[in-house]
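*Asks:*
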Amino acid sequence: MATETQPAISEPIKTKDTLRAEVQSVGRHSLIYMIGPAFSKIVGFLLIPIYTRYITPDEYGVMSLVDQITALVVMVLSLNVSDAMTRFYYRTRNESERQQLVSTVIVGFGLLAIPILLLCVAFSRQIIAPIVDAQQYTRYMQLAMVVAWFTMLLDIGYNYLRMCYRSKTFVTVTITQILASVTLNIWLVVGFGLGIWGILYSTLLVQGCLALVVSAAILVQNRAWPSLDDFQKLIRFGLPLVPANVSQQLNNYLTPFMIRWLASADPVVALAQVGLFSAGQKMGVVVNRFLVVPFNSFWRPRRMELVTQNDKQVDHIIAQMCTYSTIANLAFGVLLSVAIQPMLQLIIDPQYLNCHYVVPIITLAYVVHGLEHHFATGIHHTGKTYYASVIGVACLGMVVVLNFGIIPQFGIIGAAMVSLMAAVVRSSLFYWYSQQIHYLPFEKGRLGVLFVLAAVVFALAQLVQFDSAVLNLTLRTAVGMLFAPLLLWGGFFRSSEIAGMREQWIKLLDRFTNQRNNRFPA
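For what it's worth, my numbering labels the leading residue of the sequence shown as 165, then goes sequentially.
1. I need the straight-line Cα distance from residue 516 to residue 601, nearest angstrom please.
2. Alpha carbon to alpha carbon, how far is residue 320 from residue 629?
3. Let's test the definition: count the other Cβ atoms within 10 Å of the Cβ of residue 259 and tell me whether it reaches 16, buried, or not, exposed.
4. In chain order, what residues of the same chain have a beta carbon less than 7 Å from the beta carbon of residue 407, not counting five sequence neighbours either side?
5. Give me the Cβ distance between residue 504 and residue 447, rounded to the nearest whole Å; I'm assuming they're in contact under 8 Å.
6. Between residue 498 and the rest of its own chain, which residues show a CB-CB distance below 7 Å, the 5 nearest in sequence each way excluded?
7. For a quick check, are the C-beta atoms of residue 252 and residue 241 less than 7 Å apart?
8. Return helix, strand or coil for residue 263, following the three-state DSSP convention.
9. Considering only their Cβ atoms, is the gap separating residue 598 from residue 543 smaller than 7 Å?
10. Go through its chain and collect everything with a Cβ distance to residue 308's Cβ below 6 Å, but skip five positions before and after it.
11. Select from 625, 257, 314 and 293 the residue whose C-alpha is nearest the C-alpha of residue 278.
12. Roughly how many angstroms separate the alpha carbons of residue 248 and residue 633, rounded to a whole number?
13. Would residue 429 and residue 222 be called neighbours here (beta carbons separated by less than 7 Å)?
14. In chain order, what are the residue ranges of uninterrupted alpha helix (DSSP H) at least 4 long that sit wholly in the stretch 430 to 464?
15. For residue 250, collect the residues of the same chain with a Cβ closer than 6 Å to its Cβ; drop the 5 residues on either side in sequence, then sort them by chain order.
16. Measure the CB-CB distance between residue 238 and residue 316 and report whether it falls below 7 Å.
17. Report back the beta-carbon spacing between residue 404 and residue 549 to the nearest angstrom; my notes put them in contact at under 8 Å.
18. Can you tell me the Cα-Cα spacing of residue 179 and residue 384, whole angstroms?
19. Specify the secondary structure class of residue 177 as computed by DSSP and reduced to three states.
20. Just to check my reading of the structure: residue 422 and residue 292 have Cβ atoms closer than 8 Å, yes? What is that Cβ distance to the nearest angstrom?
21. Going by other Cβ atoms of all chains shown within 10 Å of its Cβ, with 16 needed for buried, is residue 674 buried or exposed?
22. Look at residue 584 and residue 528 and say whether their C-beta atoms are less than 7 Å apart.
23. Got a sec, what are the start and stop residues for the alpha helix (DSSP H) residue 294 sits in?
24. Counting pairs of Cβ atoms below 8 Å between the stretch 383 to 398 and the stretch 267 to 277, do you hit three or more?
25. Which same chain residues end up closer than 8 Å to residue 608 when comparing Cβ atoms and leaving out the 5 residues on each side of it in sequence?
26. Could you compute how far the alpha carbon of residue 461 sits from the alpha carbon of residue 482?
27. Considering only residues of the same chain and omitting the five flanking positions on each side of residue 301, which have a CB-CB separation below 7 Å?
28. Which word fits residue 603, buried or exposed, when buried means at least 16 other C-beta atoms lie within 10 angstroms of its C-beta?
29. Tell me the DSSP secondary structure of residue 545 in three-state form.
30. Give every residue of the same chain whose Cβ lies closer than 8 Å to the Cβ of residue 611, excluding the five residues on either side of it in the sequence, and list them in chain order.
31. According to the Cβ coordinates, are residue 531 and residue 494 closer than 7 Å?
32. At the level of alpha carbons, what is the spacing between residue 329 and residue 409?
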């Protein structure tokens with residue numbers, strides 16, 4: 165893996181390392197990290213018409229439920245080692261200690277996960293029986309468990325690349341993964357008519373090959389023996405976070421299961437509802453994959469690196485980065501939410517059209533969830549991860565109780581509202597607990613203004629109702645794009661922020677002008 169230019173690490177921030185410098189650094193790396201998710205979502209969006217014709221809603225529901233089980237298994241297998249590795253990696257400046265830590269993570273947790281994996285494979289029939297026909301899908305579940313092990317290894321590799329600021333290598337690997345998966349998916353689903361089995365075989369082959377290659381490359385590069393002491397401290401830090409992370413995913417993933425059990429007594433109808441909700445969830449999660457994840461791919465390790473300096477200037481930078489990232493998330497989320505209905509009318513099979521009702525709600529839930537990453541900084545910095553587990557379990561209980569009362573009455577829209585409520589409560593609790601142990605000056609007033617303005621723009625877009633889907637899409641998109649200009653015209657930004665934006669705009673124009681002059685000399 166080629167060495168890439170990266171920011172200096174574990175050094176006190178200098179006066180010149182201002183908020184503007186951090187914004188530029190985060191923006192540059194986030195744009196690189198965005199390439200993979202953006203490419204994935206564009207390709208996935210283009211494949212929706214194909215999948216909706218070759219995969220029925222009930223099969224899509226089965227695949228979605230198994231995917232969610234697999235994601236939970238990955239969390240259990242990994243014991244949240246990525247956060248633990250990031251924290252301890254930046255706690256030392258000794259390169260040999262860092263190499264030993266990385267080797268310990270890959271070898272130690274890779275081996276530790278094997279007996280858990282075998283247990284899951286052995287009980288695959290019992291795991292899937294309450295959901296679908298066990299006789300038909302037990303083999304499917306067993307292969308999905310193997311995919312979970314490879315996914316865990318690959319996630320560790322991806323986290324290592326992010327931690328070392330190797331954004332270009334990260335994007336190269338992810339695009340390779342996407343292209344290989346899409347090619348195999350089309351070949352197996354369309355060419356051989358294997359349906360969801362074709363997608364599973366494709367995922368198993370691609371994830372397996374990449375996980376082994378990336379893990380081997382990292383081990384060769386670090387060349388260090390694993391350490392039992394490192395292994396123990398990684399587990400002590402990461403284990404309390406497992407309930408928190410599992411409960412967070414259950415807040416999202418338990419909902420389709422409860423729709424399956426509560427939406428209808430007819431299994432086919434219930435699975436079709438699961439398929440609609442899952443399709444809407446995959447569209448709503450775009451804001452998470454397209455913005456939140458690329459941003460945190462760089463900023464999460466950088467934030468953990470900066471917060472160790474215990475500097476007030478750094479604390480203000482961390483807080484303001486929360487505001488700026490929320491602006492981007494809401495701007496994109498509003499645009500997606502106002503355009504989704506007419507967009508789907510143009511491209512999707514009619515039997516999936518009703519999924520558009522849940523997309524704005526789920527999108528907002530993911531924007532709120534994006535705040536949690538910022539608010540939890542104090543908990544991760546101090547190592548008091550027990551608080552995260554308490555919050556996660558409490559919110560999970562709330563989701564279960566509310567779903568039992570709401571899904572039978574309001575269906576998939578009610579289920580989406582429960583997901584949103586859980587995100588709000590969870591982020592609020594993370595904010596409160598984390599501020600008690602490590603205060604950061606988050607801009608609560610400005611964050612509130614952002615959400616109010618987003619609601620106003622969304623409401624205005626709903627007034628656009630014409631018979632033409634193309635006209636609706638055009639006009640609603642135009643209304644959605646007003647979010648950012650209204651912030652600028654409404655006096656939201658400070659004079660220093662406006663000056664910074666003006667300076668960057670001038671630099672961008674100068675660069676464009678110079679490139680044009682070099683390409684077309686007079």
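Where a beta carbon is used, it is the ideal one built from N, C-alpha and C, also for glycine.
*Replies:* Straight from the coordinates:
1. Each residue's alpha carbon lies about 46 Å from the other.
2. Spanning the two alpha carbons is a distance of roughly 47 Å.
3. Exposed, because fewer than 16 other Cβ atoms sit within 10 Å of the Cβ of residue 259.
4. Setting aside the 5 residues that flank it on each side, residue 407 is surrounded in the same chain by 553, 556 and 557, each with a C-beta closer than 7 Å to its C-beta; the list follows chain order.
5. The C-beta distance from residue 504 to residue 447 rounds to 6 Å, short enough to meet the 8 Å contact threshold.
6. So the list reads 618, 621, 622, 644 and 647, once near-sequence residues are dropped.
7. No.
8. Collapsing the DSSP output to three states places residue 263 in a helix.
9. In this structure, residue 598 lies closer than 7 Å to residue 543 by Cβ.
10. Excluding positions up to five away in sequence, the list reads 230 and 234.
11. Residue 314 is the option with its Cα nearest to residue 278.
12. Spanning the two alpha carbons is a distance of roughly 48 Å.
13. Contact: no.
14. Counting only runs of 4 or more, we get 431 to 448.
15. Result list for residue 250: 327, 465 and 468, in chain order.
16. Yes; because the gap between Cβ atoms is below 7 Å, this pair is in contact.
17. Yes, they are in contact, since the Cβ atoms of residue 404 and residue 549 sit about 4 Å apart, within 8 Å.
18. Note on residue 179: pLDDT 36, under 50, position unreliable in the model; the coordinate value appears next. So the two alpha carbons sit approximately 38 Å from each other.
19. Interpretation of residue 177 is limited by its pLDDT of 44, a score under 50 that renders its predicted location unreliable; no figure is taken from the coordinates.
20. In this structure, residue 422 and residue 292 do not form a Cβ contact; the two beta carbons are roughly 16 Å apart against a cut-off of 8 Å.
21. The residue is exposed, with fewer than 16 neighbouring Cβ atoms inside 10 Å.
22. Yes, the pair counts as a contact, with Cβ atoms nearer than the cut-off.
23. Taken as a continuous stretch (DSSP letters only), residue 294 belongs to no alpha helix (DSSP H), as it is neither H nor E.
24. Counting Cβ pairs under 8 Å, three or more are found: they touch.
25. The beta carbon of residue 608 is closer than 8 Å to none in its chain, skipping five residues each way along the sequence.
26. As the crow flies, the alpha-carbon of residue 461 is around 15 Å from that of residue 482.
27. Scanning its chain for C-beta atoms nearer than 7 Å, with the 5 sequence neighbours on each side dropped, one finds around residue 301 the residues 226 and 292, in chain order.
28. Looking at its Cβ environment, which holds fewer than 16 other Cβ atoms inside 10 Å, residue 603 is exposed.
29. Here residue 545 sits in helix by DSSP.
30. Only 486, 487, 490 and 535 meet the Cβ criterion.
31. The beta carbons of residue 531 and residue 494 sit closer together than 7 Å.
32. Near 24 Å, if we compare the C-alpha coordinates of residue 409 and residue 329.
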